[in-house]
Amino acid sequence: MSKFRDKLPDNWWTFALSAGIFCFLVGSYFFWPQAREFYDRAWEVLTSGDQQQVRDWVRGFGWLGPAVIVGSMVVQMFLIVVPSVVLMIGSILSYGPFWGSLVVFVAIFTASTIGYLIGRSLSKQTVKRLIGENSEKKVTRFLADYGFWAVVITRLNPILSNDAISFVAGVLGMNYWKFIGSTLLGIAPLTIALALVGGLSDSFKNGLIWVSAISAVLFAAFVWWDRNRKKSRAEK
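In the UniProt record's numbering, the protein residues as written are 1 to 236.
Set out below in structure tokens:
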């Protein structure tokens with residue numbers, strides 16, 4: 001038994017926990033009628049894009065509403081068609097600017113932590129097989145140099161995948177506290193803006209797109225400048 005345990009990777013439990021949660025969700029859908037009804041309704045509401053419908057759905061759970069938002073934020077990591085901003089709006093509309101924003105931060109913190117741990121459960125050898133050894137080294141070096149601000153920009157940018165960065169940070173071994181700090185810092189401006197505006201109007205959507213594009217361009221320009229600076233120093 002001890003020999004078997006020695007062969008297991010140190011982070012085997014995160015993989016086992018992730019697999020267990022996935023099996024539970026899938027199994028409950030097929031073998032628990034009440035769970036299937038809940039999942040179908042949640043899917044219908046969260047993919048509708050109707051802010052008021054999301055608010056009414058969340059409020060219908062009463063004091064369990066915040067837990068539903070946190071759980072939905074975790075599940076939506078695997079559902080690209082359900083943007084996290086929909087849940088953020090639902091929380092703020094349901095519980096107000098302060099408490100709604102607090103629920104959002106707790107939900108983002110929880111989902112990001114779980115995504116990070118899932119990423120950590122994958123070995124470096126697995127990553128190398130998936131993306132190649134050279135690519136793995138380049139991405140690891142990039143994350144080491146710009147990891148904090150790369151996560152901030154990704155979280156700040158709603159048109160990018162906010163959830164993939166959690167898996168990537170875990171896979172490449174980014175320091176957890178550095179990762180979660182940059183995640184909360186990056187999500188703060190969008191959360192505060194939603195709390196102040198109280199929803200997602202057309203003008204606000206256009207503003208988000210412009211902010212996202214500008215922030216991405218500025219970050220790319222900084223990376224280009226920094227790499228050229230380091231290259232010039234190395235040549236001297």
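We treat Cβ as the ideally placed atom computed from N, Cα and C, and that holds for glycine.
Taking Cβ positions, are T183 and V151 nearer each other than 7 Å? Reading the sequence shown from its first residue, position 183 is the one you call residue 183. Reading the sequence shown from its first residue, position 151 is the one you call residue 151. Yes, Cβ-Cβ distance for T183 and V151 is below 7 Å.
Specify the secondary structure class of G90 as computed by DSSP and reduced to three states. Locating residue 90 in the sequence shown gives position 90, counting from the first residue. Of the three classes helix, strand and coil, the one that applies to G90 here is helix, per DSSP.
What residues in its chain sit with their C-beta under 7 Å from that of V74, if we drop five residues either side in the sequence? Numbered from its first residue, the sequence shown carries residue 74 at position 74. If we look at V74 and ignore the five residues flanking it on each side, its Cβ neighbours are T110, A111, I114.
Please go through the same chain and pick out, in chain order, the residues whose beta-carbon is closer than 6 Å to the beta-carbon of A195, but skip the five residues on each side of it. For the purposes of this step, residue 195 is identified with residue 195 of the sequence shown, where counting begins at 1. Cβ neighbours of A195 beyond the five flanking positions: I92, P97, S101.
Per-residue burial, A220 [other beta carbons within 10 Å of its own, 16 or more giving buried]: As a working mapping, residue 220 is identified with position 220 in the sequence shown. Exposed: under 16 other Cβ atoms inside 10 Å.
Can G65 and V58 be called in contact, C-beta distance under 7 Å? As a position in the sequence shown, residue 65 is number 65, starting the count at 1. As a position in the sequence shown, residue 58 is number 58, starting the count at 1. V58 sits close to G65, with the two beta carbons spaced by under 7 Å.
Taking I187 as the reference, which of V68, L143, R155, E44 has the closest Cα? By one-based count along the sequence shown, residue 187 stands at place 187. When each option's Cα is compared against that of I187, the closest is R155.
List the endpoints of the continuous alpha helix (DSSP H) containing M73. Locating residue 73 in the sequence shown gives position 73, where the first residue counts as 1. Judged by DSSP secondary structure, M73 falls within the alpha helix (DSSP H) whose first and last residues are 65-75.
For the alpha helix (DSSP H) that L190 lies in, which residues bound it at each end? Residue numbering aside, residue 190 sits at position 190 when the sequence shown is read from its first letter. Here the alpha helix (DSSP H) through L190 covers 176-197.
Close beta carbons around L218, own chain, < 8 Å, minus the five adjacent residues each side: Translated into positions along the sequence shown, residue 218 becomes position 218. Here the set comprises nothing.
Going by DSSP in three states, W32 sits in which element: helix, strand or coil? Within the sequence shown, numbered from 1, the residue matching residue 32 stands at position 32. W32: coil per DSSP, three-state reduction.
Pull up the distance between the alpha-carbon of F222 and that of P189, whole angstroms please. Sequence index remark: in the sequence shown, residue 222 carries index 222 (1-based). Sequence index remark: in the sequence shown, residue 189 carries index 189 (1-based). Annotation: F222 to P189 spans about 21 Å, alpha carbon to alpha carbon.
When you compare each of W32, I108, I153 to A213 by their alpha carbons, which one comes out closest? Position 213 of the sequence shown holds residue 213. When each option's Cα is compared against that of A213, the closest is I153.
Alpha carbon of I118 to alpha carbon of G170, nearest angstrom: What you label residue 118 is simply residue 118 of the sequence shown in a count that begins at 1. What you label residue 170 is simply residue 170 of the sequence shown in a count that begins at 1. Between I118 and G170, the C-alpha separation is close to 7 Å.
Separation of R227 from V70, as counted between CA atoms: Here residue 70 refers to the residue found at position 70 when the sequence shown is read from its first residue. Here residue 227 refers to the residue found at position 227 when the sequence shown is read from its first residue. Roughly 39 Å between the two C-alpha positions.
Spatial neighbours of S166 in its chain, beta-carbon cut-off 6 Å, leaving aside the 5 residues before and after: Position 166 of the sequence shown, counted from the first residue, corresponds to residue 166. Within the same chain, Cβ atoms closer than 6 Å to the Cβ of S166 are found at S112, G115, Y116, the five residues on either side in sequence being excluded.
Helix, strand or coil for F61? Go by DSSP, reduced to three states. Counting from one through the sequence shown, the residue named residue 61 turns up at place 61. Looking at F61 - three-state DSSP - the assignment turns out to be coil, as it is neither helix nor strand.
To the nearest angstrom, how far is it from the Cα of S94 to the Cα of L87? Here residue 94 corresponds to residue number 94 of the sequence shown, with the count starting at 1. Here residue 87 corresponds to residue number 87 of the sequence shown, with the count starting at 1. Each residue's alpha carbon lies about 10 Å from the other.
Neighbourhood of F61 by C-beta distance below 6 Å, restricted to the same chain and skipping five residues each side: The residue given as residue 61 occupies position 61 in the sequence shown. Here the set comprises V68.
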